[in-house]
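Accompanying notes for the structure given below.
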Amino acid sequence: MDWEKLASISRKSIPFIILIFALTISAAIFYVRYIPPLFESSSELKLDVKDETSVLTFGVDPQKNNMNALSGEMELLRSKVFFSRLIDSLDLDVTIRTTFGSLKNEERYRNKPFRVDYQVKSADLHNRLFNVHISSKEHYTLTYELGEVTQRFEANFGKPLVVNGGIITLFLTEHYSRGEGFDDYSFKINNKESQINFIQQNLKVEAQSLAANTIKITFTDNDKYKAYDVVNTIDSLYLEYSREQKMQANKQKIAFLEEQMGNTAQTLENYENYFESFTIENQTVDLQKDMAETIQFLNQLDSQKRALKIYQIKIDKVQAQLGNNEQLEFGSLTLENFPESITELIEEINVLETERLQLLEKYNENTYAVRKLNNELKIHKQELNDQLAYLEKNISDELGRIAKQKAELGGDFKSMPSKGTEYNKSRRFYELQEEIYLTLAQNKMEFEIAQAGTIPEFTILSSATLPGSPIRPNPMLAYGIAIVSGLFLSLVFVASRYLLHDKISSQSELERLTSTPVLGVVPNYKKEKLETTRLIVKDSPKSMVSESLRSIRTNMEFLHQSSGSRVVTVSSTVSGEGKTFVSVNLGGIIAMSGFKVIVLDLDMRKPKVNLAFDEEYMTSGMSTLLIGKHDLDRTIRKTKQENLYYIPSGPTPPNPSELLMGDSFKEVIRKLRAEFDVVILDTPPVGIVSDGVMAMKLSDLSVYVVRADYSKRKFIKTLNRLKHINRFKNISVILNDLSLHSMNKGYGYNYGYGYYAEDEESGIKPRKLLRFLKKEG
Numbered sequence: 043m044d045w046e047k048l049a050s051i052s053r054k055s056i057p058f059i060i061l062i063f064a065l066t067i068s069a070a071i072f073y074v075r076y077i078p079p080l081f082e083s084s085s086e087l088k089l090d091v092k093d094e095t096s097v098l099t100f101g102v103d104p105q106k107n108n109m110n111a112l113s114g115e116m117e118l119l120r121s122k123v124f125f126s127r128l129i130d131s132l133d134l135d136v137t138i139r140t141t142f143g144s145l146k147n148e149e150r151y152r153n154k155p156f157r158v159d160y161q162v163k164s165a166d167l168h169n170r171l172f173n174v175h176i177s178s179k180e181h182y183t184l185t186y187e188l189g190e191v192t193q194r195f196e197a198n199f200g201k202p203l204v205v206n207g208g209i210i211t212l213f214l215t216e217h218y219s220r221g222e223g224f225d226d227y228s229f230k231i232n233n234k235e236s237q238i239n240f241i242q243q244n245l246k247v248e249a250q251s252l253a254a255n256t257i258k259i260t261f262t263d264n265d266k267y268k269a270y271d272v273v274n275t276i277d278s279l280y281l282e283y284s285r286e287q288k289m290q291a292n293k294q295k296i297a298f299l300e301e302q303m304g305n306t307a308q309t310l311e312n313y314e315n316y317f318e319s320f321t322i323e324n325q326t327v328d329l330q331k332d333m334a335e336t337i338q339f340l341n342q343l344d345s346q347k348r349a350l351k352i353y354q355i356k357i358d359k360v361q362a363q364l365g366n367n368e369q370l371e372f373g374s375l376t377l378e379n380f381p382e383s384i385t386e387l388i389e390e391i392n393v394l395e396t397e398r399l400q401l402l403e404k405y406n407e408n409t410y411a412v413r414k415l416n417n418e419l420k421i422h423k424q425e426l427n428d429q430l431a432y433l434e435k436n437i438s439d440e441l442g443r444i445a446k447q448k449a450e451l452g453g454d455f456k457s458m459p460s461k462g463t464e465y466n467k468s469r470r471f472y473e474l475q476e477e478i479y480l481t482l483a484q485n486k487m488e489f490e491i492a493q494a495g496t497i498p499e500f501t502i503l504s505s506a507t508l509p510g511s512p513i514r515p516n517p518m519l520a521y522g523i524a525i526v527s528g529l530f531l532s533l534v535f536v537a538s539r540y541l542l543h544d545k546i547s548s549q550s551e552l553e554r555l556t557s558t559p560v561l562g563v564v565p566n567y568k569k570e571k572l573e574t575t576r577l578i579v580k581d582s583p584k585s586m587v588s589e590s591l592r593s594i595r596t597n598m599e600f601l602h603q604s605s606g607s608r609v610v611t612v613s614s615t616v617s618g619e620g621k622t623f624v625s626v627n628l629g630g631i632i633a634m635s636g637f638k639v640i641v642l643d644l645d646m647r648k649p650k651v652n653l654a655f656d657e658e659y660m661t662s663g664m665s666t667l668l669i670g671k672h673d674l675d676r677t678i679r680k681t682k683q684e685n686l687y688y689i690p691s692g693p694t695p696p697n698p699s700e701l702l703m704g705d706s707f708k709e710v711i712r713k714l715r716a717e718f719d720v721v722i723l724d725t726p727p728v729g730i731v732s733d734g735v736m737a738m739k740l741s742d743l744s745v746y747v748v749r750a751d752y753s754k755r756k757f758i759k760t761l762n763r764l765k766h767i768n769r770f771k772n773i774s775v776i777l778n779d780l781s782l783h784s785m786n787k788g789y790g791y792n793y794g795y796g797y798y799a800e801d802e803e804s805g806i807k808p809r810k811l812l813r814f815l816k817k818e819g
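The following block contains the structure:
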């Protein structure tokens, strides 16, 4: 982090920081002054829960029952049913306010200047703003908006006035006094729904302590008396409501017990009917014996099914061999369990197969005996296949019958356990209900509470309080937030400027960005505001600017120690960095030391040198000199400063770059070298046009001007390009318009001996430049 840069930005941000603090504190003052005060009134109630359900020995958890009762009472306090009873006991139907303007209107609650009686004929009368101007104790003016039209009435107090939606009558009260200076009021007739919404938005009911069963009721409003009245009325109404509930408790308990006895009797009758139906439907009372017999019969059916399956497999094997066109082998086939007709056919087929094999040993397939034998085999096989198919169909039918019978038995068997379980369960419930019924019947006269018989009783632990001071606005908190906000915004502002700051602000920062020697630093000129460039060293030869330029003049001697005249080029990256100011005043300082100096204005597009010497219109100059229209004697101007001359740019030519590239420009420089000791060339910005680069090639020393807090860091790329790519080894840089604080902080010393005209701080001694020159030497 660049601490020097941060300090510089912080110093320059002081006016903005003061403005930020002024805005935040002003906002706090505005908030405290114009935000209506908000008051809070509260009370605390204790719920005493008498839980009598334990008499029924139902095992209800008392702590859980207390929590449920507390939550239920809180919801009742927040219900619209209770709010409806509440607003009937409060004076909230008409809201009257004084009219001070649009920022602060104060409600008149207990000290209403007038009373409003009304008869509602339509909903248009509700929630409409009526403005009242009291002109005397007998007369008033009533206005209100109806659509886009303002309705206006002149009326008397105590006289009914017909308005849109109903009839209203105003009566002055003892709280009105013309000496107060308040004659303008407004009022609104609130309907029941808006009053309920008002209560809901500002009322808070919460459990203060679950263990102690306490409830805290809090109401906030801009009028402390209204907040107090609402909370106090809630306490009174709720205690009255609790007493009403207690009077109804006994009736509810008795009705509940009778209802439970009736329900229990009906349940017992249902169970008795179930037992009777079960016996008739199942024709048994011993389900265990029926289940054992069913299991035995199911096992028999499974045995029959397995035997038929084996039989069916044997038939499939015989059919598979019959379907094979190759020679059949039936000798290994097991023939038991087959019908006799099928067994005989199989044996005959085996005999014919044997005979066929014997004939084939003597004859071929085409002989008559072999063909006759094959035909007999075919007939026997077809007959065997038909009998096997018929047998297989019978087996399939038998398997289907077994499966059907088994399914029926299985369904009955599955229902037997559930029926038994249901029967036993019903028997237990019957006995339980019978016991409950007998208990209720024996103790009916003693039981005065039931399952819902928990009676809440409230005690006011803390009555409604009249607020002394508002909870909002809090002046100390408001001013504290304003100061913290101002500090935070100031830090954000300074940090943002630091992060976004891309300009060169100190000599140390400049030296970090470039290896080019720093010829010197020119402080900012604060004696007066300069609208245009001026020769200030003549009028203020003892100023800090003059002294810094003398230091630069001395440093120039180190950079160029050869005898003879010198050509110095002064340029910058863009316009506005002070190259003309440096050129003119540096020329003036050198001229004060006895050298003959001339300043050439080569910026023919935006000339400024002539303005520094109070010449506004130029009929001749560098442009006319280079095209041969005028000679040197015609174009050179003498200034008020001794030994200081200048040549203005002249009329703006169409081709300034081509003029500087010509031989005539070189000839002019040669002539000026012969006549003057120092020739200063004020060139156009090299970051915009290339004219300055051409002038640098003819100079002995090139000076690059960088303006503090104006020149961007990226401008140094142009300077470095001139040094490294264009190879201008005689180039140096001047930091212009640097603040005095940055100069003193950077060097740690100042001139303070009263020598200078302004007695300003200075102390610009380019130590790094001297070290650089000694190292080069």
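Numbering of the sequence shown is given in the working numbering, commencing with residue 43 and proceeding in unit increments.
In this text, a Cβ means the ideal position worked out from N, Cα and C, and glycines have one as well.
Note that the structure is predicted; figures quoted are calculated from it, not measured.
Nearest to F213 by alpha carbon, out of F156, S590 and E619? F156
Distance CB(M646)-CB(T694) smaller than 9 Å: yes
Residue nearest to I578 in terms of C-alpha spacing, selected from A737, S625, R348 and N597: S625
Tell me whether F298 sits in a helix, a strand or coil according to DSSP, three-state version. helix
Contact under 9 Å by Cβ, V563 with L780: yes
Expressed to the nearest angstrom, what Euclidean distance is found between the alpha-carbon atoms of S52 and V536? 6 Å
For my contact list, L48 and Y540 are in at a C-beta cut-off of 8 Å; report their separation, rounded to the angstrom. 6 Å
How do the region 625–636 and the region 761–772 stand: do at least 3 beta-carbon pairs fall below 8 Å, yes or no? no
Can you give me the Cβ contacts of Y472 inside the same chain, cut-off strictly under 6 Å, excluding the 5 residues immediately before and after it? Y313
By how many angstroms is the C-alpha of F240 removed from the C-alpha of S251? 27 Å
What residues in its chain sit with their C-beta under 7 Å from that of S732, if we drop five residues either side in the sequence? S699
On the three-state DSSP scale, how would you describe S613? strand
Name, in chain order, the residues that DSSP records as bridge partners for E248. K258
According to the Cβ coordinates, are A269 and N244 closer than 9 Å? yes
Using the DSSP secondary-structure output, state which residues sit across from S84 in a beta bridge. T260
Take I59 as the anchor and find which of L777, N315, K638 and S527 has the nearest alpha-carbon. S527
CA nearest to the CA of R755, picked from D544, F195 and H217: D544
So, at 7 Å on beta carbons, what are the nonlocal neighbours of A524 in its own chain, with the 5 sequence-adjacent residues on each side left out? T66, I67, A69 and A70
Once you ignore the five residues that flank Y405 on each side, which residues in its own chain have a CB closer than 6 Å to its CB? V412
Closest by C-alpha distance to A445, when choosing among T185, F339 and L591: F339
Which runs of the beta strand (DSSP E) at least 3 residues long sit entirely within the region 157–243? Give them in chain order. 171–176, 181–188, 191–198, 203–205, 208–214 and 226–231
G562 lies in the beta strand (DSSP E); which residues open and close that run? V560 to P565
Could you name the residues of the same chain whose beta carbon sits closer than 8 Å to that of D44, not counting the 5 residues immediately before and after it, in chain order? E551
Pick from K671, E619, T575 and E476: whose alpha carbon is nearest that of N627? T575
Taking the beta carbon of P57 as the centre, do at least 16 other beta carbons fall within 10 Å, making it buried, or is it exposed? exposed
Tell me whether D656 sits in a helix, a strand or coil according to DSSP, three-state version. coil
When we look at the beta-carbon of T396 and count the other beta-carbons within 10 Å, is it buried (16 or more) or exposed? exposed
Count the other CB atoms within 10 Å of the CB of S547; is the residue buried (16 or more) or exposed (fewer)? buried
Is it buried or exposed, F72, if we count other Cβ atoms within 10 angstroms and call 16 or more buried? exposed
Close Cβ partners of K54 (< 7 Å) along its chain, the five nearest in sequence each way excluded: none
T507 vs V247 beta-carbon contact at 9 Å: no
F100 (DSSP reduced to helix, strand or coil): At F100 the pLDDT is 46, less than 50, meaning the model places this residue with poor confidence and gives no usable figure here.
Using alpha carbons as the reference points, say which of E115, R469 and Y160 lies closest to D135. Y160
Starting from the N-terminal side, write out each stretch of the beta strand (DSSP E) that is 3 residues or longer and does not extend beyond the region 642–717. 686–689
For the alpha helix (DSSP H) that T596 lies in, which residues bound it at each end? M586 to L601
N778 (DSSP reduced to helix, strand or coil): strand
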